[in-house]
Amino acid sequence: MTEQFLHYIWKYRLFDHRNLITTKGEVVEVKNPGIHNQDAGPDFSHAKVRIHGTLWAGNVELHLFTSQWMQHGHQNNEAYDNVILHVVYEHDADNDDGIPVLELRHHISSDILLNYERMMLIKDGLPCSNHLPVIDDFTASNWLERMLIERIEDKTKVIDESLKQNSNNWEQTFYHLLARNFGFKTNALPFELLAKNTPVEYLAKHKDQLLQIEAMLFGNAGLLPVNPINEYEANLAREYNLLKNKFNSISTNKSLWKFLRMRPFNFPTVRIAQFAALIHKSAHLFSKIIDVKNLKEIHQLFDVHASQYWDEHYHFGKKADVQKKHLGTDAINNITINTIVPLLFYYGKIKDSERHVKLSLKLLEEIPAERNNITKKFLTLNVQNDKASISQAFIQLHNNYCMHKKCLQCAIGLKIMKQ
Ligand code: SF4
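Each residue of the sequence shown is one higher than the one before, counting from 1 in my numbering.
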């Protein structure tokens with residue numbers, strides 16, 4: 001038994017309520033265990049307990065042993081003056097402070113303790129994996145809905161920060177977030193730096209000239225070849241030399257870009273060319289995004305491909321088999337999940353627009369589920385993982401709860417304890 005687990009048992013009333021009596025023999029009836037307090041002071045506030053026929057309202061303090069009350073010096077701390085009940089796992093000493101003591105040891109089923117201990121001992125995989133098949137759909141679905149909102153809210157913290165840095169300029173903020181997403185995991189940072197070094201309003205001034213947009217982006221990325229070997233490269237170099245002085249450009253350190261162990265289609269050169277094509281196709285992207293109505297419109301907006309040179313290249317100077325470099329369905333879905341959904345959700349909250357909040361959630365219903373090592377772990381749970389709203393919820397649950405064994409804060413964990 002740990003004090004944390006005793007708190008859990010009290011909070012969720014996971015003890016036998018029959019024949020509860022204080023150490024002085026007074027009958028106890030728990031009307032409300034109170035609100036769990038994570039800060040200093042008594043463990044639960046606003047509790048309601050009937051003791052020997054009188055209804056009391058106030059704080060409840062929990063310890064493994066009665067003697068800890070004195071050890072912790074609560075008798076000299078006025079924050080504990082309003083404690084109406086001292087709940088202990090084991091009564092080991094009489095305190096003469098007059099606060100009724102309730103010993104819970106004989107009211108807690110050994111199955112609960114065993115379930116908990118077994119789960120905490122599991123080293124590989126999910127602590128609750130053996131129990132997942134018996135978790136009912138209602139419990140799982142409700143909890144996953146909450147996980148999904150938590151995940152989106154976590155992602156909106158970055159938007160909030162970025163918006164502050166950009167003095168509430170939504171267009172610029174979206175452009176930075178989008179650039180970061182275009183780097184996917186491996187090149188997220190250099191892509192973000194590139195966007196910060198290449199303000200969207202500079203690019204907007206050249207929105208009709210794809211070559212100039214490419215020149216600014218490749219030049220500021222530090223990726224333009226020093227010695228151009230074909231006309232396209234020479235044109236880019238010429239345009240960049242003209243533009244960089246005009247805009248006082250700063251280039252990103254070339255060594256930040258990663259090509260190793262990547263599929264050529266994800267090379268930053270290809271992604272930058274696609275990013276340039278997107279800017280060329282749609283100026284004021286943010287304004288367009290907040291007007292979309294469904295996933296299809298997002299796909300139409302992002303239906304771009306890198307310019308012709310990249311049909312035969314993944315790198316500058318190295319020819320490859322011909323293949324058009326479209327921004328594929330998976331990439332657009334990834335951008336929708338990681339950038340567009342949090343942005344619409346956040347925008348909806350800030351602007352009090354229910355339409356945008358609802359749309360953000362609807363988009364995740366339209367996108368197929370991601371399949372990865374995390375989602376595989378939940379295969380035996382009675383929930384169909386067929387859309388991104390579920391796979392995103394699994395990722396949140398796994399990364400923020402299961403990995404840290406926070407089963408006591410999880411609705412699935414609670415269900416298991418109750419079983
Ligand atoms: S946090 Fe919940 S889902 Fe994750 S292992 Fe614990 S009980 Fe299972």
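A virtual CB, placed ideally from N, CA and C, is assigned to each residue, including glycine.
Sheet register partners of residue i (DSSP bridge)
i	result
Phe65	Glu90
Leu85	Val60
Val27	Ile21
Pro368	Lys387
His356	According to DSSP, which records beta bridges pairwise, His356 is partnered with nothing at all.
Leu295	In the DSSP output, where bridge partners are listed per residue, Leu295 has none listed.
His326	His305
Glu103	Val88
Closer than 6 Å: residue i CB and nearest ligand 1 heavy atom
i	result
Gly413	yes
Tyr240	no
Tyr401	yes
Pro133	no
Leu113	no
Pro127	yes
Whole-angstrom C-beta distance between residue j and residue i, which should lie under 8 Å
i	j	result
Ser448	Ala221	What the structure shows of the chain is the stretch from 1 to 419, and residue 448 is not part of that stretch, so it cannot be assessed.
Thr22	Pro100	4 Å
Glu192	Gly183	7 Å
Glu214	Ser307	7 Å
Glu312	Val322	6 Å
Leu64	Met1	6 Å
Phe265	Phe259	With 8 Å as the limit, Phe265 and Phe259 do not qualify as a contact, their Cβ atoms being about 12 Å apart.
Residue i in three-state terms, based on DSSP
i	result
Arg50	strand
Asn32	strand
Asn59	strand
Phe44	strand
Thr380	coil
His135	Checking the displayed sequence, the identity of residue 135 turns out to be Ile instead of His. If DSSP states are grouped into helix, strand and coil, Ile135 belongs with coil.
Tyr314	strand
Lys319	strand
Leu224	coil
His206	coil
C-beta contact flag for residue i and residue j at 7 Å
i	j	result
Asn181	Thr339	yes
Glu365	Ser389	yes
Leu20	Tyr89	no
Ile374	His398	yes
Asp92	Ser67	yes
Glu61	Val83	yes
Glu239	Gln274	no
Phe302	Ile332	yes
Pro368	Lys155	no
Ala237	Leu223	no
Met417	Ile112	yes
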